[in-house]
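Single-structure report; data block below.
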Amino acid sequence: MPGHAVGLVASGRVLRLAIGVVRHVRPSWLQALLALDGPVYSSEE
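What follows is the structure, encoded as structure tokens:
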């Protein structure tokens, strides 16, 4: 289904944008939350 693939790509772009915003702003409490959330974020850097 092309529609489903487009949705996946769109959500991936939104996720990357959100991560980019988080990395740009970097509030300490949010950084701590992401660190607790899992090793996925730290392994990406």
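So the working numbering is basically just the index in the sequence shown, starting at one, shifted up by 7.
Where is the CB? At the ideal position from N, CA and C, for every residue including glycine.
Cutting at 8 angstroms between CB atoms, please list the residues of its own chain near residue i, excluding the five before and the five after it.
| i | result |
| --- | --- |
| VAL16 | none |
Starting from the C-beta of residue i, find all residues in its chain whose C-beta is less than 6 angstroms away, skip the five residues before and the five after it, and write them out in chain order.
| i | result |
| --- | --- |
| PRO34 | none |
For residue i, I'd like the list of residues in its chain whose CB is within less than 7 angstroms of its CB, leaving aside the five on either flank, ordered along the chain.
| i | result |
| --- | --- |
| LEU37 | VAL29 |
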